[in-house]
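Undergrad: In this note's numbering, the protein residues as written are 27 to 270. The structure that follows is given in the form of structure tokens.
This is how it looks when you write it as structure tokens:
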């Protein structure tokens, strides 16, 4: 669920509001009510103004009005699984352009469940978000045959004090490294740069029988364009973004 916490007194945080998707649970609140084999769970939400955009794994996307923190209310809901598969992981609102970027995590190997996408939504009318494009799929190599997961994991979230842009979007793509996209034209996003690390010499993931393949997971981009890219198999890479 989405939990809203009052931090006015940091030593005594207080839960003041909660939200979960309507119909997620049976009336008693004990049995999940989503389709068998699926997982409805809030990965996280990002807030722009009074709206919280939530990514619910196989449960899709919610737009929740949090103007009254004690009474959050959903104003829009979208779920594209089926037919496109679930794993909705990262919402990135770009309020100055009335756009929302949403990444679906590819949390399976060898493309065995198909592809997952990074979507662009028009959110001029928050109660009716409309998908208008997807980011291009990396085609500089056959990543489905490379091994490991291929496709989105996370987006750089324009955190305060760091690199912020409503035009340049960064995404980690597991075995396809980290990608930079230009969405000056949101209907025709284009890739402007990428970095794919070499296969790891040393594995950092302790789980057994993992393929020795890079799996880029998260990125942080500071105000000078220095990018820190974590990799569940290969540790940390530090890059310099020169602009696109």
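Ideal Cβ placement from N, Cα and C applies to all residues, glycine included.
Is the separation between the beta-carbon of residue 45 and that of residue 98 shorter than 7 Å?
TA: Yes.
Undergrad: CB residue 153 to CB residue 78, shorter than 7 Å?
TA: In this structure, residue 78 does not lie closer than 7 Å to residue 153 by Cβ.
Undergrad: To which residues does DSSP link residue 119 through a beta bridge?
TA: Bridge partners of residue 119: 126.
Undergrad: Which term fits residue 241, buried or exposed, when burial requires 16 or more other beta carbons within 10 angstroms of its beta carbon?
TA: Counting Cβ neighbours within 10 Å, residue 241 comes out buried, since at least 16 surround it.
Undergrad: Alpha carbons only, please: which of 85, 137, 225, 119 is nearest the one belonging to residue 261?
TA: It is 225 whose Cα lies nearest to the Cα of residue 261.
Undergrad: Candidates 212, 201, 108: which alpha carbon is nearest residue 179's?
TA: Among 212, 201, 108, the Cα nearest to that of residue 179 belongs to 201.
Undergrad: Roughly how many angstroms lie between the CA atoms of residue 50 and residue 169, to the nearest whole one?
TA: Cα-Cα distance, rounded: 35 Å.
Undergrad: Exposed or buried, which one is residue 129 when buried takes at least 16 other CB atoms within 10 Å?
TA: Buried, by the Cβ-count rule.
Undergrad: Can you tell me whether residue 140 is buried or exposed, with buried defined as 16 or more other CB within 10 angstroms of its CB?
TA: Residue 140 should be labelled exposed.
Undergrad: If residue 72 and residue 118 are in contact, beta carbons under 8 Å, what's the gap, nearest whole angstrom?
TA: Their Cβ separation, rounded to whole angstroms, is 6 Å, which keeps residue 72 and residue 118 in contact under 8 Å.
Undergrad: Suppose you measure from the CA of residue 124 to the CA of residue 192; what does that come to, to the nearest Å?
TA: Approximately 10 Å between the Cα atoms of the pair.
Undergrad: May I have the straight-line CA-CA distance separating residue 108 from residue 63, to the nearest angstrom?
TA: One C-alpha to the other measures close to 13 Å.
Undergrad: Grab me the residues of residue 265's own chain with a C-beta within less than 7 Å of its C-beta, minus the 5 sequence neighbours each way, in chain order.
TA: These residues qualify, in order along the chain: 221, 253, 255.
Undergrad: Cα-Cα, which of 92, 65, 223 is closest to residue 74?
TA: Cα-wise, what sits closest to residue 74 is 92.
Undergrad: Suppose you measure from the CA of residue 146 to the CA of residue 56; what does that come to, to the nearest Å?
TA: C-alpha separation (whole angstroms): 35 Å.
Undergrad: Opposite residue 217 in the DSSP bridges: which residues?
TA: Answer by DSSP bridge pairing, in chain order: 207.
Undergrad: Compute the Euclidean distance between the alpha carbons of residue 219 and residue 248, then round it to the nearest angstrom.
TA: For residue 219 and residue 248, the distance between alpha carbons rounds to 17 Å.
Undergrad: For the putative contact between residue 65 and residue 83, defined by C-beta atoms under 8 Å, what is the C-beta separation to the nearest angstrom?
TA: Yes, residue 65 and residue 83 are in contact; Cβ-Cβ is about 5 Å, under 8 Å.
Undergrad: For residue 173, which option in 136, 206, 161 has the closest C-alpha, if you only look at C-alpha atoms?
TA: The residue with the shortest Cα to Cα distance from residue 173 is 136.
Undergrad: Pull up the DSSP beta-bridge partners for residue 261, would you.
TA: Beta-bridge pairing links residue 261 to 257.
Undergrad: With a threshold of 6 Å on Cβ separation, who are the neighbours of residue 245 within its own chain once the five nearest residues in sequence on each side are excluded?
TA: Here the set comprises 182, 196, 198, 204, 253, 255.
Undergrad: If you count every other CB in all the chains shown that lies within 10 Å of the CB of residue 161, and 16 or more means buried, which is it?
TA: Per the 10 Å Cβ criterion, buried.
Undergrad: Taking residue 190 as the reference, which of 234, 238, 250, 156 has the closest Cα?
TA: Ranking 234, 238, 250, 156 by Cα distance to residue 190 puts 250 first.
Undergrad: Whole angstroms are fine: how far does the CA of residue 215 sit from the CA of residue 120?
TA: In a straight line, the C-alpha of residue 120 is about 15 Å away from that of residue 215.
Undergrad: Drop a sphere of 10 angstroms on the beta-carbon of residue 35, count the other beta-carbons inside from all chains shown, and report buried for 16 or more, exposed for fewer.
TA: Counting Cβ neighbours within 10 Å, residue 35 comes out exposed, since fewer than 16 surround it.
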